[in-house]
Each structure stands twice: as C-alpha cells, then as structure tokens.
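Undergrad:
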Amino acid sequence: SRMIDPDDPSDARFFEGRYAAAGDDLATVPWAVLAPRPALLEWLDGRPGPRPGATALVVACGYGDDAEELARRGWTVHAFDIAPTAIARCRARFPGSPVDYRVADLFDLPPDWAPHDLVVEIQTVQSLHPGLRAAALAAVAAAVAPGGELFLRAHGRDDDAPPGQRPWPVSRAELGALAAAGLVETSFAEVADPGHRPGARAFHAGYRRPAVPAG
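Numbering (the working numbering), first residue to last: 35 to 249.
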C-alpha cells in the first residue's frame, strides 16, 4: 500500500493508517494519551455531575479513555471515530463497557443519536484541513442539545498566524464559528503546551447552548 500523505485530504485514510500502523503499540499514535485528558478532568471536576439519563458524545474518541471516564462519572456515553481500528481497540480495551462505540464521520453522525447534553471535542477540529474548519465546528456545535455544554481542547494560534501543517492550530477567531452556531462561551483558558512542541499553547474552552425558553 502507498505511504500516507500527511496532506492527503482523505482524513479517513490518514487516521485509519496511523491506527493500523500502531498495531498493539498504542503509544506510537502521536495523539494517544491512554488516560483521560487532564484538561477534561479539571473541567468536569468544576461542575455538577450528570443528571440521570444525561447523554455525552465524545468526538473522534481514539482509544476511548475520555469516553470511559465520562461513563464512570454517570453519563450515558456515545463515542465515535472515523478509524475502524480505533473503535475495535476501544472495544478490546474495555470489554463490557457501557459506552456505545461506533465508526462514524463527524459530518454524518448516526441518525439515532439525538443532540447531547455534553459534547467533548479534543484535538479533532485541528486535525481536519483548515478548509473544513468552519464546517467542522458547526458540526460539533450541532451535536449540543439545548441547555447542553461543549468542552473543547485544541492547539492554539494567533488570529493572524498561518495554520502551518497538520495538526493545524485553531485561532480564537475561528472558534467564533461556535458562537455563530448558537453556543455561548462559558470559560476560556490559554495554557502552555510544551508537550506538543516548544512554545506551543493550547486553548481549553467551555460552551453552552441556551435552553429553549419555556412557552
């Protein structure tokens, strides 16, 4: 098979290629942490737990650690990835898990998944070509139910800085697509992210979709 071209617009082929090449050496996937993201844990710890039956969606769930943490905290969790190898690995790592893991595309989510009370998006939008950024953010926002929340973590860049190479860091201006899609920013932090590369930084942001007014 041909080498994966990192600029190939076929994200499905790119991501599946990385997971398939990793085999059992999961840590060789560059974005794999194999534990819940500390930024997500901090955000979750700062808010009430889920009400009974509340649903959460993990976008591009990778090896499943964030999804499992949400299930442990009482959420009814749906999680998807475009890479079949990643989803197969989730099911193998967490046998008997209550999480509904599926192979799916952000732009074509399963029709039986209604909008969610919580959506977790960690470093997915930045991995899609900048030409898809506004559409990707709109798709993430569309998964948030009225009254629901979004937690987002992304590598960040200045508004006037070029996006560079994959992963293409996100600017605050680009995150404006979430407001355009009806979400309200509830928290924002910019943190050093030296594990990505020297001098890099990450954005940790929370959003809420206003509840539909009564009447």
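Cβ coordinates follow ideal geometry from the N, Cα and C atoms, glycine included.
Measuring CB to CB, does residue 155 end up less than 7 angstroms from residue 67?
TA: Not a contact, by the Cβ cut-off of 7 angstroms.
Undergrad: Within the chosen definition, does the region 181-194 reach the region 227-245 through at least 3 CB pairs nearer than 8 angstroms?
TA: Cβ pair count under 8 angstroms is three or more, so yes.
Undergrad: Please report the residue range of the beta strand (DSSP E) in which residue 91 lies.
TA: Here the beta strand (DSSP E) through residue 91 covers 89-93.
Undergrad: Please confirm whether residue 201 has its beta-carbon closer than 7 angstroms to some beta-carbon of chain D.
TA: Reference to chain D is not applicable here, since this structure consists of a single protein chain.
Undergrad: Using the Cα positions of residue 216 and residue 142, report the straight-line distance between them to the nearest angstrom.
TA: Distance between the alpha carbons of residue 216 and residue 142 is about 20 angstroms.
Undergrad: Could you tell me whether the Cβ atoms of residue 111 and residue 101 are closer together than 7 angstroms?
TA: Yes, the pair counts as a contact, with Cβ atoms nearer than the cut-off.
Undergrad: Rounded to a whole number of angstroms, what is the C-alpha to C-alpha distance between residue 123 and residue 196?
TA: C-alpha separation (whole angstroms): 35 angstroms.
Undergrad: Spell out the partners DSSP gives residue 34 in its beta bridges.
TA: Examination of residue 34 is not possible in this model, given that the chain is present from 35 through 249 alone.
Undergrad: Quick check on the burial criterion: 16 or more other C-beta atoms within 10 angstroms. Buried or exposed for residue 245?
TA: By the neighbour-count rule (16 or more Cβ atoms within 10 Å), residue 245 is not buried but exposed.
Undergrad: Given this structure, state the Cα-to-Cα distance separating residue 170 from residue 160, to the nearest angstrom.
TA: Looking at the two C-alpha atoms, the distance is approximately 9 angstroms.
Undergrad: Once DSSP output is grouped into helix, strand and coil, what is the label at residue 170?
TA: Three-state DSSP puts residue 170 in a helix.
Undergrad: Closer than 6 angstroms by C-beta to residue 219: which residues in its own chain qualify, once you throw out the five before and the five after it? Chain order, please.
TA: If we look at residue 219 and ignore the five residues flanking it on each side, its Cβ neighbours are 241.
Undergrad: Hey, residue 152 and residue 90 are a contact pair by Cβ (cut 8 angstroms); roughly how many whole angstroms apart?
TA: Yes, residue 152 and residue 90 are in contact; Cβ-Cβ is about 4 angstroms, under 8 angstroms.
Undergrad: Mapping DSSP to helix, strand and coil, what is residue 158?
TA: In this structure, residue 158 counts as coil in the three-state DSSP scheme.
Undergrad: Pull the bridge partners of residue 63 from the DSSP assignment, please.
TA: Answer is none; residue 63 lacks a bridge partner.
Undergrad: Taking only the alpha-carbon atoms, compute the straight-line gap between residue 116 and residue 194 and give it to the nearest angstrom.
TA: Straight-line Cα distance between these residues: approximately 31 angstroms.
Undergrad: Spatial neighbours of residue 113 within its chain, please: C-beta separation below 6 angstroms, excluding the five flanking residues on both sides.
TA: Excluding positions up to five away in sequence, the list reads 92, 95, 101, 133, 135.
Undergrad: Bridge partners for residue 186 per DSSP, in chain order?
TA: Per DSSP, 155, 239.
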